[in-house]
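Here the numbering used here = 1-based position in the sequence shown + 14. The beta carbon of each residue, even a glycine, is placed where N, CA and C say it ideally should be. Keep in mind that this is a model prediction, so the values were computed, not measured. Beneath this line is the structure, given in C-alpha cells, with notes to follow.
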Amino acid sequence: MTSKEKVTKSDDEWREQLGALAYRVTRQAGTERPFTHEGFPKGDGTFRCVCCNQPLFSTGAKFESGTGWPSFFQPLSEDAIEERVDRSWFMRRTEVVCRRCDAHLGHVFPDGPEPTGLRYCINGVALTFEAD
15 MTSKEKVTKS DDEWREQLGA LAYRVTRQAG TERPFTHEGF PKGDGTFRCV CCNQPLFSTG
75 AKFESGTGWP SFFQPLSEDA IEERVDRSWF MRRTEVVCRR CDAHLGHVFP DGPEPTGLRY
135 CINGVALTFE AD
C-alpha cells in the first residue's frame, strides 16, 4: 500500500509543485487556520499526501473532532506516516509527517475516539482526496 522509495526534491521544485500555503505547511511545518478546509468529501475514499501522493488516511477513520482540522483515529497503515517529537512553541507534541517525503502533516494527540484513543489532527492543505 505504501511506497518504500523516498521522494526528495529541491526547495525550488517543492515551491513550483505546491501552492504557497501547502508549501508553508508541508515543507516548513506551518499550520493552516482552523475551519478553513470545509467541505471535505463525505464519501468513501483515501486521503493522500499532497506532496508525493502517498496514501495516508481512510474516510473510515475520519471523525468530527470540532477542532477545525480534519481528524482521524488511525493512519491507513503504520508505514504511511512517521511520528517525531516536536518541541516548538514551548510545548512537547508529536508531529506527524509523511514517511515517503517528510511532509509535515500535523500532530497526533491522545484524546481521540475508540478504538485507538488517538486524534491525528491533520492540515487539510496537506491532503488530497481520492474517491473509491
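Margin query: Whole angstroms are fine: how far does the CA of ASP93 sit from the CA of SER85?
Written below: 19 angstroms
Check: Hey, HIS121 and VAL39 are a contact pair by Cβ (cut 8 angstroms); roughly how many whole angstroms apart?
Finding: That pair is no contact at about 12 angstroms.
Notebook entry, point to check: By how many angstroms is the C-alpha of GLU78 removed from the C-alpha of ARG113?
Noted result: 25 angstroms
Note to self: Mapping the DSSP letters down to three states, classify GLU27 as helix, strand or coil.
What the structure shows: helix
Notebook entry, point to check: Is it buried or exposed for GLN68, if we count other Cβ within 10 angstroms and need 16 for buried?
Noted result: buried
Check: Helix, strand or coil for ASP116 per DSSP?
Finding: coil
Item checked: Neighbourhood of GLY88 by C-beta distance below 7 angstroms, restricted to the same chain and skipping five residues each side -> Sequence check: residue 88 is Gln here, not Gly. Closer than 7 angstroms at Cβ, skipping near neighbours: ALA75, THR130 and LEU132.
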